[in-house]
Every structure is written in C-alpha cells, then in structure tokens.
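Asker: In UniProt numbering, the protein residues as written are 1 to 173. Cβ coordinates follow ideal geometry from the N, Cα and C atoms, glycine included. Remember, it's a predicted structure, so these values are computed and weren't measured experimentally.
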Amino acid sequence: MTALSACLIVLATFAAMEFVAWSSHKYIMHGWGWAWHRDHHEPHDKLLEKNDLYGVVGAVMSMSMFAVGSPLALGERAWEPGTWVGLGILCYGLVYTLIHDGLVHQRYFRWVPRKGYAKRLVQAHKLHHATIGKEGGVSFGFVIARDPAVLKRELKAQAQRGIAVVRDAVGAE
Numbered sequence: 001m002t003a004l005s006a007c008l009i010v011l012a013t014f015a016a017m018e019f020v021a022w023s024s025h026k027y028i029m030h031g032w033g034w035a036w037h038r039d040h041h042e043p044h045d046k047l048l049e050k051n052d053l054y055g056v057v058g059a060v061m062s063m064s065m066f067a068v069g070s071p072l073a074l075g076e077r078a079w080e081p082g083t084w085v086g087l088g089i090l091c092y093g094l095v096y097t098l099i100h101d102g103l104v105h106q107r108y109f110r111w112v113p114r115k116g117y118a119k120r121l122v123q124a125h126k127l128h129h130a131t132i133g134k135e136g137g138v139s140f141g142f143v144i145a146r147d148p149a150v151l152k153r154e155l156k157a158q159a160q161r162g163i164a165v166v167r168d169a170v171g172a173e
C-alpha cells in the first residue's frame, strides 16, 4: 500500500467518525444508551463519568482495527487498511477528547475562546446541554458545529412543540 493510500484512509476514517459520533450520540447515547450518558448531562463533581465508557468503546474500535491490520495478530489474514482505519479512529478520538472534554467541558485545561470556530464549538455544545433529559436537543456532533443562532431557534421550536424541555436561560429570548 502506498503512503498516499494510507493517508487517504486515515483522513476518510477521521471524517467518517464525525458521522459515527453524531449518529451514536443522537440515537444510542440519547436513546437506549442513556444510562451511561445521563451523568454527562447532570451536574456532578466526580473525576470520571459513566459516559467515559463511550470513550473506551471508541478505543476498543481503534485497537480492533489495529489488530485486524496487524500481521503479528492475524498473520497472512491481516488486512493492511485496518491499521490505517485504526489510526483514523485514534486521531478522531484524540481530537474529540481535546475539543469535547478539554475545550468544552474544561476537564483538562481552562480556556474560554472569545472568537472563531473554537467559540462556535463551545456554544454549539453548550446548546446541546440546554435540554433537560434525553429528549430533543441539537448539535450531536463533536467536530462540526452549526451556527449557534440556528441551533437556539431549533431548541426554541422543540420546546414549543413539546419535544424538548429547555433550561430557562436558553428558552428566554
């Protein structure tokens, strides 16, 4: 496999992981997997959350792909692209951790962006946390953030239709 092919697989996997993250966040974490995700939406002072188990799931996905691509693990049955898929998942996981846990929730460092895309990411995710409970909501992705003004209008409409319960600070306009 050429270096270009490997790089393209890593980049394609990284891009695909935003869709995987968005859909698993919307339909699993805010669906049947809410038991693990709930504490992430509730105030607490614990170092770890049950929600962190989703990061373990992502790590297992990455390690599994590394194993699938490894001749040491599978011998001649190894599928070389698996290594590069595993690396793409790993890279997404690192970016996710820095953005979501670090920047947005400030678990690793304290910095509040005042402008630019970093501010947009923080605002979009804060609007995601504006709902009470698992129903409704906006901004389920982690790296791609839509316009916060649009998200706020969507939340208000969800609240008016009874789809979501929105915290007072967001619902008041």
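Would you call E173 buried or exposed, if buried means 16 or more other Cβ atoms sit within 10 Å of its Cβ?
Answerer: Because the pLDDT of E173 is 46, which lies under 50, any placement of that residue in the model is unreliable, and the number read from its coordinates should be weighed accordingly. Result: exposed.
Asker: On the DSSP bridge assignment, give the partners of I132 in chain order.
Answerer: V165
Asker: In the DSSP assignment, find the unbroken alpha helix (DSSP H) run with residue 185 in it and report its ends.
Answerer: The structure shown does not extend to residue 185, since the chain spans only 1 to 173, so no value can be given for it.
Asker: Just to confirm, is the Cβ distance from V85 to V104 under 8 Å?
Answerer: No.
Asker: May I have the straight-line CA-CA distance separating H128 from A145, to the nearest angstrom?
Answerer: Cα-Cα distance, rounded: 11 Å.
Asker: Expressed to the nearest angstrom, what Euclidean distance is found between the alpha-carbon atoms of H25 and R77?
Answerer: Approximately 33 Å, taken between the alpha carbons.
Asker: For P81, collect the residues of the same chain with a Cβ closer than 6 Å to its Cβ; drop the 5 residues on either side in sequence, then sort them by chain order.
Answerer: Only I9 meet the Cβ criterion.
Asker: Helix, strand or coil for H41, going by three-state DSSP, please let me know.
Answerer: helix
Asker: Quick one: using the 10 Å Cβ neighbour count with 16 as the cut-off for buried, is G33 buried or exposed?
Answerer: buried
Asker: Mind checking which residues open and close the alpha helix (DSSP H) that includes S62?
Answerer: Residues 53 to 68.
Asker: Report yes or no: do three or more beta-carbon pairs, one from the region 2 to 22 and one from the region 87 to 97, lie closer than 8 Å?
Answerer: yes
Asker: Buried or exposed: P43, going by 16 or more other Cβ atoms within 10 Å of its Cβ?
Answerer: exposed
Asker: Considering just the uninterrupted stretch of the alpha helix (DSSP H) at K156, what are its terminal residues?
Answerer: Run containing K156: 148 to 160, per the alpha helix (DSSP H) assignment.
Asker: What distance in whole Å lies between the Cβ atoms of G141 and A164, which are believed to be in contact at a cut-off of 8 Å?
Answerer: Rounded, the Cβ-Cβ distance is 17 Å, inconsistent with contact.
Asker: Relative to the alpha-carbon of T13, which residue among A159, L87, M29, D168 has its alpha-carbon at the smallest distance?
Answerer: L87
Asker: Is the distance from the Cβ of L53 to the Cβ of W36 below 8 Å?
Answerer: yes
Asker: Would you say S139 and A118 are within 8 Å of each other, going by their C-beta atoms?
Answerer: no
Asker: Among K126, G75, K115, which one has its Cα closest to the Cα of M100?
Answerer: This sequence places His at residue 100; Met is not what is there. Taking only the C-alpha atoms, the option nearest H100 is K126.
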